[in-house]
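Here is the structure we will look at.
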Amino acid sequence: APEKPTPAAGDARVDVPLTAPAAPPEAPITSLIGSYEWVGGKPEQQFVWRKIEAIASSFNLFAQGIVRSKLAESNQIAKQIRIEADSETLVVYHDAKSASAPLDGTKAKFKAINGEQMDLSFEVAPQTLTQTFAGKGKGQVNTYTLDGDTLTVHVSIKANQLPRELAYDLTYKRMPSAE
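For the sequence shown, counting from 1, position 156 maps to 870 in my numbering; every step adds exactly one.
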């Protein structure tokens, strides 16, 4: 698909203005729009750390610290997730960091935490949002699934440099809207 520029695409620390008309109430994204607070607590945090440690320990002693540090930096658990959309653009905030791309699945450029340019796209289905980051030899897929007021985020990270996929789930609860 051709790439379409999006407002502030790639600027990971900016509130992205949504200027198109609102998404219609029957649009699949509508049920996911809102703010969610992480409720997974220490058990999920320890699980993610054990997964990172298992991958890091498969490297030689000299590389373990570097691998551990890079994976820990790029897998910080967001305390809050906010999903916003209008009829054209979808924005997912992990704490203050935003990722925006067209709602129609068209790719947008995104600047990762490490400064690397990646392609970002979204796929929306009822109660599910799939966010895909793709770069050279690496990628991440975040699948957001809503069940009542519980949002489960399945994170899957693959990279040519890693011996296996890093995958884990995070649990969030919908916060009451301010309206």
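For each residue, glycine too, the CB sits at the ideal point set by N, CA and C. Treat the numbers as computed from the prediction; the structure is a model and nothing was measured.
Pairwise C-alpha distance: residue j and residue i
i      : j      : result
Tyr807 : Ser814 : 9 Å
Thr857 : Ile766 : 19 Å
Pro731 : Gly853 : 26 Å
Asn874 : Phe761 : 23 Å
Glu740 : Gln841 : 12 Å
Gln759 : Ala786 : 11 Å
Ala826 : Gly849 : 10 Å
Lys872 : Thr885 : 21 Å
Glu879 : Met889 : 31 Å
Ile797 : Phe776 : 40 Å
Ser891 : Asp883 : 24 Å
Lys823 : Ser812 : 13 Å
CB-CB length for residue i against residue j, believed under 8 Å
i      : j      : result
Ala839 : Ala799 : The Cβ separation is near 14 Å, so there is no contact.
Ile743 : Leu817 : 7 Å
Gly819 : Ser835 : 6 Å
Ser771 : Gln778 : 6 Å
Trp763 : Gln794 : Between Gln794 and Trp763 the Cβ distance is about 20 Å, and since that is not below 8 Å, they are no contact.
Residue environment, residue i, which counts as buried when at least 16 other CB atoms sit within 10 Å
i      : result
Val867 : buried
Gln845 : buried
Thr733 : exposed
Val781 : buried
Those residues which DSSP pairs with residue i across a bridge
i      : result
Ala873 : Lys852
Pro816 : Thr803
Ala839 : Thr842
Enumerate, from N- to C-terminal direction, the unbroken beta strand (DSSP E) stretches of 3 or more residues contained entirely within the segment 767–811.
794–799 and 803–808
At 3 residues or longer, what runs of the beta strand (DSSP E) sit wholly inside the segment 720–765?
748–752
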